[in-house]
Structures are given as structure tokens and as C-alpha cells.
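S.K.:
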Amino acid sequence: MTISVRKLLAVAVLGAALAGCSSDPAPSDHGAKAAPGAGKPSASASSSPAASAPQPGKQVPTIAPGPGGLTPVFERAPKGGQKIVALTFDADMTADQGPRAARGEHFDNPALIDDLRRLKVPATIFMTGRWADEYPAEARAIGADPNFEVANHSYSHYAFKSPCYGLPVVPEGEMRADVEKAPASFKKAGVRNTVPYFRFPGGCYNDDVLRTLAPLKMTAIQWDVVSGDAFAHDADAVAEQVLTGVKPGSLVVMHCTRSAAPVTDTVVKRIVPELRKRGYRFVKVSDLIGSAAEG
1 MTISVRKLLA VAVLGAALAG CSSDPAPSDH GAKAAPGAGK PSASASSSPA ASAPQPGKQV
61 PTIAPGPGGL TPVFERAPKG GQKIVALTFD ADMTADQGPR AARGEHFDNP ALIDDLRRLK
121 VPATIFMTGR WADEYPAEAR AIGADPNFEV ANHSYSHYAF KSPCYGLPVV PEGEMRADVE
181 KAPASFKKAG VRNTVPYFRF PGGCYNDDVL RTLAPLKMTA IQWDVVSGDA FAHDADAVAE
241 QVLTGVKPGS LVVMHCTRSA APVTDTVVKR IVPELRKRGY RFVKVSDLIG SAAEG
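In terms of the numbering used here, the sequence shown opens at residue 1 and continues consecutively.
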């Protein structure tokens, strides 16, 4: 497909304007951060309450702490590796959006999940605890499917650093509690297949936040490919942005929220066959981290 530069720029702007879902903030929004894969990947199941408990006997690759014991950050597998790519989907719902859901707004996307299953695409779902509270049956079904793994996206989907796309901000003294609250919602909904990974709402963080969350022993997961699906209505432009950005070992951020990302399902149906045609294999984030350890 041929997409104009104007359309691609429009998608990029939409992604950067994201307020209710995670997006790729400007580098200055991250603050100082650990280098991707700075720690050594290791296969270990975290006992952190914020991570919830992986399936018995399952060894989940994680990253060793960063400099000074900071929470490690992973963005992609090392360049020059296998032609594998991880598609990740943020199941976003902020703590104060209950009234909007009650009025009929859909923060879920069952068709997207169904198509991932039909296309046999492994994926990692970064789920907020509030989303699991609102859609317990869907959360349970996702968490019971071996094709998926569920990671922590906080309970409230409030920002851990300000500014962050207009998101409300979690007070510094409540950050750990907000992260630890999400697995309680997962457990209540019956979610299994959880992994000890965490994604910052909006992708916004700095070293102070990484230090605050370090005792939780989680690996923070970012991305190297921004899909631009948030608030987008041109599926072709979003698909082209993903196809242009993916390289061996890439990690793509997308969304599992109909109201804020209405074309994601269409995008997935377009990029999956094309990437497979190019020789790519889809993996979960845990597999991507595992491949980095093997490399």
C-alpha cells in the first residue's frame, strides 16, 4: 500500500497526543533511563505481589536490575538477531472512567482478541486493574489462553511522571500501591498466565520512579515501534507505520480499547500476513526477552 507522508505524520501526531492510553512520549518525558536490555536477561519467576504469580513451574525471563539497582527497562531485542517481533496491546482504563463505561463506552475490543486467536498470533496484553474490574470475563479468557500473557499496566492508568499527556498523576507515596493493586484485580477476575512485567501509563518515567518501584522486582517494558493506533481512523496509515518501523527483535505498542483505538483490529489483519510474508515470526514479550538472553 502507498501512504502519503502527510498521512504518516498525522498518525504520528495522533499517537503523541494520546491522553487516555499509553503512547510514545518525547525522550525528555522518559527522563534518564536504563539502556534497553542493560541488565542481563535471566529466566526466573518473580515472587513479587505486583507481578502476580506465573503458572507453576513456568520460568519467565526477566532482566537484572539496572545501575544502582534501578528497575530494568527493556525496549527491544538486540539488533541483528532473529526475525521475530512482539505485538503488545494495552488494555487501558483509568480509575475514573467507570461512568463512561456505564454510559456504553467500550474500553475493550473482543474482535481484536478473536482475530489474534484466529491468526494464531501470540501477544502480550498490558492490562490495568481497572480494566479487569470492568471486564472480568474477558480478562479471565485472555489470561487462560496460552497464546497470550498478561502483564501489569498499573491499576489506575494514572501517570507516574508529569507531564504525561494530561493523565492524572499518582502521588509518589502511592506508586507502589497502585502497581500492587492490579494483580489483586487479576486474581479476582481469575486471570492466569501473568508475567512479572510492567508498562508505565503513557510510557512516562524517570530514574526516581525506577528507584521507587525497584523493590517490586519487575521488568519495565517499553517499545521501539509506535503503531500510532490511538485515536486514529486511517487503518492503512497505521499499518504502514508499523510495517515501516518493524525490524528484527522489534516490540510494537498497540491498544485493546475500541473507544480510543477503533482501527487496531483492522490494522492487525493487515500487518500480520505482510510481516509473515517478510519472514517474521510473532512472539510474546517473554520470548523476546528470552531470545535476548540466548543471544
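Glycine included, each C-beta is placed from N, C-alpha and C at the ideal position. Bear in mind that the values here come from a model prediction, so they are computed numbers and not experimental data.
Determine the direct distance from the alpha carbon of P146 to that of D115, and round the result to whole angstroms.
M.R.: Taking the first residue of the sequence shown as 1, we reach residue 115 at position 115. Taking the first residue of the sequence shown as 1, we reach residue 146 at position 146. Each residue's Cα considered, the two are about 15 Å apart.
S.K.: In its own chain, which residues sit with a C-beta less than 7 Å from the C-beta of F200, not counting the 5 before and 5 after it?
M.R.: Here residue 200 is taken as the residue at index 200 of the sequence shown, counted from 1. Counting only Cβ-Cβ distances below 7 Å, and skipping sequence neighbours, we find F160 and A220.
S.K.: How is V195 classed by DSSP in three states: helix, strand or coil?
M.R.: As a position in the sequence shown, residue 195 is number 195, starting the count at 1. It is a strand residue.
S.K.: Looking at C-beta atoms only, is the number of pairs between the stretch 152-159 and the stretch 270-288 that lie closer than 8 Å three or more?
M.R.: Cβ pair count under 8 Å is below three, so no.
S.K.: For A32, which residues of its own chain have a beta-carbon under 8 Å away from its beta-carbon, when the five flanking residues on both sides are left out?
M.R.: The residue you call residue 32 lines up with position 32 of the sequence shown. Its pLDDT being 35, under 50, A32 is placed unreliably in this model, and the coordinates cannot settle the point.
S.K.: Okay, do the stretch 124-131 and the stretch 263-280 touch, 3+ Cβ pairs below 8 Å being the bar?
M.R.: Output reads no: the stretch 263-280 does not touch the stretch 124-131.
S.K.: What is the rounded straight-line gap between the Cα of F231 and the Cα of L119?
M.R.: As a first step, residue 231 is located in the sequence shown; it is residue number 231 there, counting from the start. As a first step, residue 119 is located in the sequence shown; it is residue number 119 there, counting from the start. Roughly 24 Å between the two C-alpha positions.
S.K.: Which value, in whole angstroms, describes the spacing of the CA atoms of G202 and V267?
M.R.: The residue given as residue 202 occupies position 202 in the sequence shown. The residue given as residue 267 occupies position 267 in the sequence shown. Those two C-alpha atoms are separated by around 21 Å.
S.K.: Measuring only the C-alpha atoms, how far is V238 from G173?
M.R.: In the sequence shown, counting from the first residue as 1, residue 238 sits at position 238. In the sequence shown, counting from the first residue as 1, residue 173 sits at position 173. V238 and G173: Cα-Cα distance of roughly 38 Å.
S.K.: Near H233, what residues of its chain come up, given a Cβ to Cβ distance below 8 Å and the 5 sequence neighbours on each side ignored?
M.R.: Taking the sequence shown and counting its residues from 1, one reaches residue 233 at position 233. Here the set comprises P262 and V263.
S.K.: Compute the Euclidean distance between the alpha carbons of R76 and T257, then round it to the nearest angstrom.
M.R.: Counting from one through the sequence shown, the residue named residue 76 turns up at place 76. Counting from one through the sequence shown, the residue named residue 257 turns up at place 257. Cα to Cα, the separation comes out at about 24 Å.
S.K.: Can you name, in chain order, every residue of its own chain whose Cβ lies under 7 Å from the Cβ of L70, other than the five neighbours on each side?
M.R.: Taking the first residue of the sequence shown as position 1, residue 70 is located at position 70. These residues qualify, in order along the chain: A34, D207, L210, R211 and A214.
S.K.: From this set, E240, I142, A101 and Y158, which residue's C-alpha is nearest V121's C-alpha?
M.R.: The residue given as residue 121 occupies position 121 in the sequence shown. The candidate whose alpha carbon is nearest that of V121 is I142.
S.K.: State buried or exposed for K79, treating a residue as buried only when at least 16 other CB atoms are found within 10 Å of its CB.
M.R.: Working through the sequence shown from its first residue, we reach residue 79 at position 79. It counts as exposed.
S.K.: Grouping DSSP H, G and I as helix and E and B as strand, with all else coil, what is D90?
M.R.: Translated into positions along the sequence shown, residue 90 becomes position 90. Here D90 sits in strand by DSSP.
S.K.: With distances taken from CA atoms, which of A184, L87 and R270 is nearest A50?
M.R.: Residue mapping note: residue 50 aligns to position 50 of the sequence shown, counting from 1. It is A184.
S.K.: Is the distance from the Cβ of K187 to the Cβ of D133 below 9 Å?
M.R.: Locating residue 187 in the sequence shown gives position 187, counting from the first residue. Locating residue 133 in the sequence shown gives position 133, counting from the first residue. The answer is no: Cβ separation not under 9 Å.
S.K.: In the DSSP assignment, the beta strand (DSSP E) including T127 goes from what residue to what residue?
M.R.: Within the sequence shown, residue 127 is the residue found at index 127, counting from 1. According to the sequence as given, residue 127 is Met; it is not Thr. It spans A123 to M127 - the beta strand (DSSP E) in which M127 sits, taken as one unbroken run.
S.K.: CB-CB under 7 Å to D229, same chain, minus the five flanking residues each way: which ones, in chain order?
M.R.: Position 229 of the sequence shown, counted from the first residue, corresponds to residue 229. Within the same chain, D229 has close Cβ partners V238, M254, H255, A261, V263, T264 and V267.
S.K.: From P273 to L112, what distance separates their C-alpha atoms?
M.R.: Here residue 273 is taken as the residue at index 273 of the sequence shown, counted from 1. Here residue 112 is taken as the residue at index 112 of the sequence shown, counted from 1. Their Cα atoms are separated by approximately 15 Å.
S.K.: For a quick check, are the C-beta atoms of L216 and V85 less than 9 Å apart?
M.R.: Position 216 of the sequence shown, counted from the start, is the residue given in the question as residue 216. Position 85 of the sequence shown, counted from the start, is the residue given in the question as residue 85. No, Cβ-Cβ distance for L216 and V85 is not below 9 Å.
S.K.: So, helix, strand or coil for V285, using DSSP?
M.R.: Counted from its first residue, the sequence shown places residue 285 at position 285. Reduced to three states, the DSSP call for V285 is helix.
S.K.: Pull up the distance between the alpha-carbon of W131 and that of F89, whole angstroms please.
M.R.: Position 131 of the sequence shown holds residue 131. Position 89 of the sequence shown holds residue 89. Distance between the alpha carbons of W131 and F89 is about 13 Å.
S.K.: Please report the straight-line C-alpha distance between A182 and M175, rounded to a whole angstrom.
M.R.: Residue mapping note: residue 182 aligns to position 182 of the sequence shown, counting from 1. Residue mapping note: residue 175 aligns to position 175 of the sequence shown, counting from 1. Going by the C-alpha atoms only, they are around 12 Å apart.
S.K.: Give the DSSP bridge partners of I221, in chain order.
M.R.: As a first step, residue 221 is located in the sequence shown; it is residue number 221 there, counting from the start. Paired residues: F74.
S.K.: What is the DSSP secondary structure of L251, reduced to helix, strand or coil?
M.R.: As a working mapping, residue 251 is identified with position 251 in the sequence shown. Looking at L251 - three-state DSSP - the assignment turns out to be strand.
S.K.: Are the beta-carbon atoms of V148 and A123 separated by less than 9 Å?
M.R.: Working through the sequence shown from its first residue, we reach residue 148 at position 148. Working through the sequence shown from its first residue, we reach residue 123 at position 123. According to the sequence as given, residue 148 is Phe; it is not Val. Yes. Within cutoff.
S.K.: Mapping the DSSP letters down to three states, classify V263 as helix, strand or coil.
M.R.: Stepping through the sequence shown from its first residue, residue 263 is reached at position 263. V263: coil per DSSP, three-state reduction.
S.K.: For P171, count the other beta carbons within 10 Å of its own beta carbon; 16 or more makes it buried, fewer makes it exposed. Which is it?
M.R.: For the purposes of this step, residue 171 is taken as the residue at position 171 of the sequence shown. Classification of P171: exposed, given that the 10 Å Cβ count is below 16.
S.K.: Does A50 come out as helix, strand or coil in the three-state DSSP assignment?
M.R.: Counting from 1 along the sequence shown, the entry for residue 50 is found at position 50. Reduced to three states, the DSSP call for A50 is coil.
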